[in-house]
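What follows is a short report on a single structure.
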Amino acid sequence: MSETTNPPTNFIRQIIDEDLRSGKRTNVATRFPPEPNGYLHIGHAKSIVLNFGIAEDYNGTCNLRFDDTNPGKENMEFVEAIQRDVKWLGYSWDERLYYASNYFQNLYEFALELIKNGKAYVCELNAEQTREYRGTLKEPGKDSPYRSRSVAENLDLFEKMKSGEFEDGTKVLRAKIDMTSPNINMRDPVLYRIRHGVIHHQTGAEWCIYPMYDYTHPISDALEGITHSLCTLEFEDHRPFYDWVLDNISVGCHPQQIEFSRLNLEYTVMSKRKLTQLVSEGFVNGWDDPRMPTLAGIRRRGYTPAAMKLFCQRIGITKSEGIVEMELLENCVREDLNIIAPRRMAVLDPLKVVITNYPADQVEQLTLPNHPQDESMGTRLVPFCNEIYIEQEDFLEEANKKYKRLVKGDCVRLRNAYIIQCDEVVKDDYDNIVEIHCSYIPDSIGSNPEGIKPRGVIHWVSARHGVVAEVRLYDRLFAVAAPDAMANKEDKAFTDYLSPDSLHTLTHCVVEPSLTDAQPGDSYQFERQAYFCADLDHGNGKVVFNRTVTLRDTWAKIEQKGR
Ligand code: ATP
Ligand code: MG
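Residue numbers for the sequence shown follow the working numbering, beginning at 1248 and rising by one.
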């Protein structure tokens, strides 16, 4: 993972390089400005890694700023979750934690300045009339009849808006720009609206007028001395208004807005509105459900910050829109876990094996490496006795040569332990295999005795020492790569494409005893199976693991077979 130490350049870094070279800027200050109306998702990680990464590499700063101008949908749970997630990615805003609501008084005063300079007015058109006057992409808009009010009248009305004399929706403050502009965002956009009866999580009931995002954002950036204001492409058409605001108030700082393309990822949705719906309608078990593309979800699933950063690095920063393949994300976490995850043995679908020639009262503690390629990860003791479990799928009564596991009458190596041979199959009245009887070959640990050639290697867990575990097998949340596009095309809801296979819970797994010591969040490779991490529910007598990702990309193949 050498890439992480050497971030590739991109068009934004090139702009910054040039700004520093030419002397246009002498420092670099960025910000990450989430709206606290939901949990952060993988798309936000792209923006976080970009903004905080640039600050790190240019010896600059990155502020965390809550864009909290929409009190109805925002709350403290989200404010706290967002801070947790940014920290988890490994970034620090030090003391630079801000809220756009910190600036409500400044924003109000700048609005007064605009009014005094004849650049803003109080408008009384209702919503429908406003739409009508705005025009369309092809048709220019018309001036509002309230546009030519005097400065004195506007100041008076705006003051009354602020002091709560008017009802919601009856008046707004608008910028006076150009109703015939080809850019609809410049047709006298709204600066302030009236919102009675909402309690803001930071300012309580202090204000009943709230500034619009497009007005708030440039001023917040300027007040914080941001140099490069990085946002996603949908704001490209808003940039003229961003610049207009800063050109028409006396704030004395003009950050540069630069847009890049959003991250879209296959087999999931990324809009907060849709994620909110998945949570509130119970399609998933909360914001941190390990199937969710939220940072809280993928963390619980076992993704690591290093894997997320590697992913962000690989997708890069451009202006071209696209949808990133899920394999790219999965490969990043596989690569990281392959290096850092200790190996353990776990049997997910147990078949009992009795080793008839091994003394029933004997237990050996075998010393197993924690990582086959990394000695520094040490060893652990794993008990072996005359009763073990292997996977059901690792045994067949008859099989051809291609089956590299245990077959009746033949032998196989138990991972890091003895070679066993299957002598007898015990069945119930319905012909189901209940257990198998094997004999072990003494002195076969570490090498094959003369003339004995095991078919392959399988994992195992001592039946007397193993611990019963719940294992949650997670898969992709949606059954189709582009649920949004599909729903539009087929005129259905995106939730119609949720995958019925996104979670299978196994409750009778048996894992090696050392796994009871795992802490929630600890990752392991269960040998020959997949990467797993201890769930938040793990501990206090419960043993619960989540599948993070399979060892190889088996998904495409399974899909072709029709699942
Ligand atoms: P959504 O559309 O999911 O509700 P948003 O853009 O409204 O997201 P914000 O909380 O406003 O969410 O986003 C904070 C920052 O993260 C913004 O600068 C935004 O551009 C960026 N961001 C959001 N989604 C993505 C994405 N999918 N890819 C890259 N950056 C994103
Ligand atoms: Mg937003």
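Where is the CB? At the ideal position from N, CA and C, for every residue including glycine.
Bear in mind that the values here come from a model prediction, so they are computed numbers and not experimental data.
- Query: How is Thr1523 classed by DSSP in three states: helix, strand or coil?
  - Reply: Counting from 1 along the sequence shown, the entry for residue 1523 is found at position 276. In the structure shown, Thr1523 sits in a helix (DSSP, three-state: H, G or I).
Quiz item: Using the C-alpha atoms, what's the distance from Asn1578 back to Gln1807?
Solution: As a working mapping, residue 1807 is identified with position 560 in the sequence shown. As a working mapping, residue 1578 is identified with position 331 in the sequence shown. Confidence in Gln1807 is poor, its pLDDT being 42 and thus under 50, which makes the residue's placement too unreliable to answer from.
Phe1530 - containing alpha helix (DSSP H), residue span: For the purposes of this step, residue 1530 is identified with residue 283 of the sequence shown, where counting begins at 1. It is not in any alpha helix (DSSP H) - Phe1530 carries neither H nor E in the DSSP assignment.
field: Delimiting residues of the alpha helix (DSSP H) encompassing Asn1827
entry: With the chain running from 1248 to 1810 in the structure shown, residue 1827 is simply not present.
If you measure between the beta carbons of Leu1745 and Arg1538, is that distance less than 7 angstroms?
To locate residue 1745, count along the sequence shown from 1; it is residue 498. To locate residue 1538, count along the sequence shown from 1; it is residue 291. Cβ distance not < 7 angstroms, so Leu1745 and Arg1538 don't count as in contact.
Determine the burial state of Met1323: buried for a count of at least 16 other Cβ atoms within 10 Å of its Cβ, exposed for fewer.
As a working note, residue 1323 is residue 76 in the sequence shown. Residue burial is scored here from C-beta neighbours: Met1323 has fewer than 16 other C-beta atoms within 10 angstroms and is therefore classed as exposed.
CA-to-CA distance, Arg1312 to Phe1299, given in whole angstroms: Counted from its first residue, the sequence shown places residue 1299 at position 52. Counted from its first residue, the sequence shown places residue 1312 at position 65. Between the C-alpha atoms of Phe1299 and Arg1312 there is a straight-line separation of about 12 angstroms.
Q) What is the rounded straight-line gap between the Cα of Asn1430 and the Cα of Glu1386? A) The residue labelled residue 1430 in the question sits at position 183 within the sequence shown. The residue labelled residue 1386 in the question sits at position 139 within the sequence shown. Approximately 11 angstroms between the Cα atoms of the pair.
Quiz item: Per DSSP, what kind of secondary structure is Ile1586 in: helix, strand or coil?
Solution: Taking the first residue of the sequence shown as position 1, residue 1586 is located at position 339. Residue state, collapsed to three classes: helix.
Requested in this report: Take Ile1456 and list the residues in its own chain whose beta-carbon comes closer than 6 angstroms to its own, dropping the five residues that flank it on each side.
Outcome: The residue labelled residue 1456 in the question sits at position 209 within the sequence shown. Correct list, in chain order: Met1408, Lys1409, Tyr1439 and Ile1441.
Please state whether the Cβ-Cβ distance between Leu1493 and His1501 is less than 7 angstroms. For the purposes of this step, residue 1493 is identified with residue 246 of the sequence shown, where counting begins at 1. For the purposes of this step, residue 1501 is identified with residue 254 of the sequence shown, where counting begins at 1. Yes, Cβ-Cβ distance for Leu1493 and His1501 is below 7 angstroms.
| query | Is any heavy atom in the ligand ATP found nearer than 6 angstroms to the beta carbon of Glu1321? | reply | For the purposes of this step, residue 1321 is taken as the residue at position 74 of the sequence shown. Incorrect: Glu1321 has no Cβ contact closer than 6 angstroms to the ligand ATP.
Q.
In this structure, how does DSSP classify Ser1249 when only helix, strand and coil are distinguished?
A. Position 2 of the sequence shown, counting from 1, holds the residue named residue 1249. Note on Ser1249: pLDDT 44, under 50, position unreliable in the model; the coordinate value appears next. Note: Ser1249 maps to helix in three-state DSSP.
Buried or exposed: Asn1787, going by 16 or more other Cβ atoms within 10 Å of its Cβ? Residue mapping note: residue 1787 aligns to position 540 of the sequence shown, counting from 1. Counting the other Cβ atoms within 10 Å of the Cβ of Asn1787 gives fewer than 16, which makes it exposed.
Exercise. Between the Cα of Ile1587 and those of His1291, Trp1340 and Tyr1771, spot the shortest distance and give me the residue it belongs to.
Key: Along the sequence shown, one-based indexing puts residue 1587 at 340. Among His1291, Trp1340 and Tyr1771, the Cα nearest to that of Ile1587 is on Tyr1771.
Query raised in the report: Hey, quick one: how far does the alpha helix (DSSP H) through Gln1330 stretch, first residue to last?
Result: Taking the sequence shown and counting its residues from 1, the one referred to as residue 1330 is at position 83. Judged by DSSP secondary structure, Gln1330 falls within the alpha helix (DSSP H) whose first and last residues are Met1323 to Trp1335.
Ser1527 beta carbon near the ligand ATP (any heavy atom closer than 6 angstroms): Here residue 1527 is taken as the residue at index 280 of the sequence shown, counted from 1. No.
Residue span of the beta strand (DSSP E) that contains Lys1599, given as start and end: Here residue 1599 refers to the residue found at position 352 when the sequence shown is read from its first residue. Membership of Lys1599 in the beta strand (DSSP E) is indicated by the continuous run Pro1597 to Ile1602.
Exercise for the section: From the DSSP output, in three-state form, read off Leu1628 for me. Expected result: Counting from one through the sequence shown, the residue named residue 1628 turns up at place 381. Note: Leu1628 maps to strand in three-state DSSP.
| said: Shorter than 6 angstroms, the distance from the beta carbon of Pro1318 to the closest heavy atom of the ligand ATP, or not? | reply: Here residue 1318 refers to the residue found at position 71 when the sequence shown is read from its first residue. No, Cβ of Pro1318 sits at least 6 angstroms from all heavy atoms of the ligand ATP.
Roughly how many whole angstroms lie between the Cα atoms of Ser1694 and Cys1780?
As a working mapping, residue 1694 is identified with position 447 in the sequence shown. As a working mapping, residue 1780 is identified with position 533 in the sequence shown. The straight-line gap from Cα to Cα measures roughly 32 angstroms.
Exercise for review: Report back the beta-carbon spacing between Ser1391 and Cys1370 to the nearest angstrom; my notes put them in contact at under 8 angstroms.
Suggested key: Position 144 of the sequence shown, counted from the first residue, corresponds to residue 1391. Position 123 of the sequence shown, counted from the first residue, corresponds to residue 1370. Right, their Cβ atoms sit about 5 angstroms apart.
query = For Ser1395, which option in Glu1375, Phe1351, Asn1364 and Val1326 has the closest C-alpha, if you only look at C-alpha atoms?
reply = As a first step, residue 1395 must be located in the sequence shown, where it is residue number 148. Nearest of Glu1375, Phe1351, Asn1364 and Val1326 to Ser1395, Cα basis: Asn1364.
Cβ shell of Pro1552 (< 8 angstroms), same chain only, five flanking positions each side left out = The count along the sequence shown starts at 1 and reaches residue 1552 at position 305. If we look at Pro1552 and ignore the five residues flanking it on each side, its Cβ neighbours are Trp1335, Leu1336 and Gly1337.
ask   = I think Ala1358 touches Ala1367, with their Cβ atoms under 8 angstroms apart; what is that distance to the nearest whole Å?
value = Here residue 1358 is taken as the residue at index 111 of the sequence shown, counted from 1. Here residue 1367 is taken as the residue at index 120 of the sequence shown, counted from 1. So it is a contact: roughly 6 angstroms between Cβ atoms.
query: Is any heavy atom of the ligand ATP found at a distance shorter than 6 angstroms from the C-beta of His1448?
result: Your numbering for residue 1448 matches position 201 in the sequence shown. Every heavy atom of the ligand ATP is 6 angstroms or more from the Cβ of His1448, so no.
task: Taking all protein chains shown into account, decide if Val1333 is buried (16 or more other Cβ within 10 angstroms of its Cβ) or exposed.
output: The count along the sequence shown starts at 1 and reaches residue 1333 at position 86. By the C-beta density criterion, Val1333 is buried, having at least 16 other C-beta atoms within 10 angstroms.
Whose C-beta lies closer than 7 angstroms to the C-beta of Pro1730 among residues of the same chain, with five residues either side of it excluded? Position 483 of the sequence shown, counted from the first residue, corresponds to residue 1730. For Pro1730, the CB contacts under 7 angstroms within the same chain, skipping 5 residues up- and downstream, are Val1516, Phe1741 and Tyr1744 in chain order.
> By the 10 Å Cβ neighbour count, where 16 or more other Cβ atoms means buried, how is Asp1641 classified, buried or exposed?
Replying inline: What you label residue 1641 is simply residue 394 of the sequence shown in a count that begins at 1. It counts as buried.
With a 10 Å radius around its C-beta and 16 neighbouring C-beta atoms as the bar for buried, classify Asp1764 as buried or exposed. Working through the sequence shown from its first residue, we reach residue 1764 at position 517. Exposed, since its Cβ has fewer than 16 Cβ neighbours within 10 Å.
### Query
What number of angstroms, rounded off, separates the C-alpha of Glu1471 from the C-alpha of Ala1422?
Here residue 1471 is taken as the residue at index 224 of the sequence shown, counted from 1. Here residue 1422 is taken as the residue at index 175 of the sequence shown, counted from 1. Near 23 angstroms, if we compare the C-alpha coordinates of Ala1422 and Glu1471.
So for Cys1579, helix, strand or coil by DSSP? Here residue 1579 refers to the residue found at position 332 of the sequence shown. Three-state DSSP puts Cys1579 in a helix.
| query | Which term fits Tyr1677, buried or exposed, when burial requires 16 or more other beta carbons within 10 angstroms of its beta carbon? | reply | Along the sequence shown, read from residue 1 onward, the residue named residue 1677 stands at position 430. Counting Cβ neighbours within 10 Å, Tyr1677 comes out exposed, since fewer than 16 surround it.
Taking the continuous alpha helix (DSSP H) assigned at Ala1469, which residues delimit it? Residue numbering aside, residue 1469 sits at position 222 when the sequence shown is read from its first letter. Residues Tyr1460 to Leu1470.
Going by the C-beta, is Thr1626 closer than 6 angstroms to any heavy atom of the ligand ATP? Translated into positions along the sequence shown, residue 1626 becomes position 379. Not so, every heavy atom of the ligand ATP lies at least 6 angstroms from the Cβ.
* Asked: Near Asp1425, what residues of its chain come up, given a Cβ to Cβ distance below 6 angstroms and the 5 sequence neighbours on each side ignored?
  -> The sequence position of residue 1425 within the sequence shown is 178, counting from 1. So the list reads Met1433, once near-sequence residues are dropped.
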